[in-house]
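To keep things clear, I will list the structure first and then write my remarks on it.
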Amino acid sequence: MYEAFYGFREKPFNALPDPDFLYLSKKHEMALTYLEYGLSSQSGFMVLTGEVGSGKTTLLNYLLRNLDSSASRVALIFQTNIQPLELLEAILAEWNLPYAGKGRTEMYELLNNYLLECYSEQHRVLLILDEAQNLPFETLEEVRMISNLNDEKVPLVHIIFAGQPNLKDKLNSPRLTQLRQRVTVHYHLEPLDIDETTIYIQHRLKSAGAADLNLFSPEAVQTIFEHSNGIPRVVNLICDLALVYGFAEQRRSIDTDIITMVLQDRRKMGLGVGMQEMLTKDYAGADDRLEHIEKKLNELNDNVYEIALIIRKLIKNRDALSRSQEEISLLHKRVKALEEKPGMAAYQEMFYSILQELGHAKDEHRGA
Numbered sequence: 048m049y050e051a052f053y054g055f056r057e058k059p060f061n062a063l064p065d066p067d068f069l070y071l072s073k074k075h076e077m078a079l080t081y082l083e084y085g086l087s088s089q090s091g092f093m094v095l096t097g098e099v100g101s102g103k104t105t106l107l108n109y110l111l112r113n114l115d116s117s118a119s120r121v122a123l124i125f126q127t128n129i130q131p132l133e134l135l136e137a138i139l140a141e142w143n144l145p146y147a148g149k150g151r152t153e154m155y156e157l158l159n160n161y162l163l164e165c166y167s168e169q170h171r172v173l174l175i176l177d178e179a180q181n182l183p184f185e186t187l188e189e190v191r192m193i194s195n196l197n198d199e200k201v202p203l204v205h206i207i208f209a210g211q212p213n214l215k216d217k218l219n220s221p222r223l224t225q226l227r228q229r230v231t232v233h234y235h236l237e238p239l240d241i242d243e244t245t246i247y248i249q250h251r252l253k254s255a256g257a258a259d260l261n262l263f264s265p266e267a268v269q270t271i272f273e274h275s276n277g278i279p280r281v282v283n284l285i286c287d288l289a290l291v292y293g294f295a296e297q298r299r300s301i302d303t304d305i306i307t308m309v310l311q312d313r314r315k316m317g318l319g320v321g322m323q324e325m326l327t328k329d330y331a332g333a334d335d336r337l338e339h340i341e342k343k344l345n346e347l348n349d350n351v352y353e354i355a356l357i358i359r360k361l362i363k364n365r366d367a368l369s370r371s372q373e374e375i376s377l378l379h380k381r382v383k384a385l386e387e388k389p390g391m392a393a394y395q396e397m398f399y400s401i402l403q404e405l406g407h408a409k410d411e412h413r414g415a
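Numbering (our numbering), first residue to last: 48 to 415.
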């Protein structure tokens, strides 16, 4: 959408966890150090907690990328609201172990043999349970049973729990006393402060290939910090929307007025600006957001405005159009014809990006 306008190689504030964009604040470095220590010292359970969007998953991806893949066997479980037997099956599936048709005892034997084989070959085995606060008590007890698999008192599998702050409350339950006693590493990832937020934004811009690392004014960064509470995912959301608005306004720098516009429009759409509200992936009000940008684009070029109208038609009729490939093809041809007009190349990626949000593949649009 706005990458070419601002000189980016890619979007700097993508919401997906990406270790290439990880900013290692002192807090993140400390968390990484704790986890690396746990892996190197034959520790018991390791626990990483933090608010939603604080960077736990990105940090774990960074940790995994820096492990020796030839000497490591990793199982990463994201779906954690599961029963004990389902967890055991998920772990075996992660390591491609044939568990179909086997009972619980047979599956444990299969897992134990695999862990012993890895140990004999000096392979580190790591089990990561993300969103661990969702694990039922019975499933957490199953994890403890898995940790009992050892050879001469040496644990055969390292286990990391990653989750939201209420994971600490769950682990403090009297029902999990034995498990809690085995936790040797625990780190809580705090939000960024204002200085770290500034560096974080600049780091993301640099990682995306930006030439101007001060694209966001100090006042804009301050406003972003105040409304994000220093949570990286919320910072990403505000910054990404600000760049969309800035592009629509043809603004080479992002000042407080752009940030204020983003936040006000979020309120008008009923999405709010608080941390939990900003984290909600809600596309309600997409027409209103597009209408706002559409008006700005109309000031730039009548041809751009016509494309925006076509896209609005796609949005308003997406359910019907999904059943009418012929009409979709016709609309795409109209867009393509408009793109061939002089001066339209700069806007091509923007509209393909918007079309992608509607669930249509970019390559399909180009081939229409």
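Even glycine gets a Cβ: it sits at the ideal position worked out from N, Cα and C.
Reduced DSSP secondary structure (H/G/I, E/B, other) of residue i
i	result
T231	strand
N181	helix
S87	helix
T96	strand
R299	coil
F208	strand
D198	strand
L236	strand
K215	helix
N61	coil
D115	coil
P145	coil
E156	helix
E168	coil
M48	coil
T270	helix
I306	helix
I278	coil
Integer Cβ distance of residue i from residue j, believed to fall under 8 Å
i	j	result
L46	V94	This structure cannot settle anything about residue 46, because the visible part of the chain is limited to 48 through 415.
L236	S101	5 Å
I305	Y292	5 Å
P183	Q130	7 Å
L38	T96	Residue 38 cannot be examined here, being either before or after the span of the chain that is shown, 48 to 415.
L69	L106	7 Å
A255	F52	Not really, about 13 Å apart at Cβ, beyond 8 Å.
L174	L157	Not a contact, Cβ separation roughly 15 Å.
L226	L239	Wrong, their Cβ atoms sit about 31 Å apart, outside the cutoff.
P66	L252	Not a contact, Cβ separation roughly 17 Å.
L79	L110	6 Å
E98	P212	7 Å
Exposure label - residue i; buried when at least 16 CB within 10 Å
i	result
S167	exposed
N283	buried
Q323	With a pLDDT of 44 at Q323, under the threshold of 50, the predicted position of this residue should be treated as unreliable, though the coordinate-derived value follows. The residue in question, Q323, is exposed, as its Cβ has fewer than 16 Cβ neighbours within 10 Å.
Y84	exposed
M192	exposed
S275	buried
P221	exposed
E178	buried
T224	exposed
P265	exposed
V201	exposed
E57	exposed
R280	buried
D329	In this predicted model, D329 has a pLDDT of only 40, less than 50, meaning its place in the structure is not dependable enough to derive any value.
T245	buried
Selected residue, minimal CA-CA separation from residue i, among the options
i	options	result
S194	T80, N159, G85 and K73	N159
I124	R227, P202, G210 and T244	G210
R171	K149, S117 and E141	S117
Bridge partners - residue i, DSSP secondary structure assignment
i	result
S264	In DSSP, S264 forms no bridge with anything.
A122	L174
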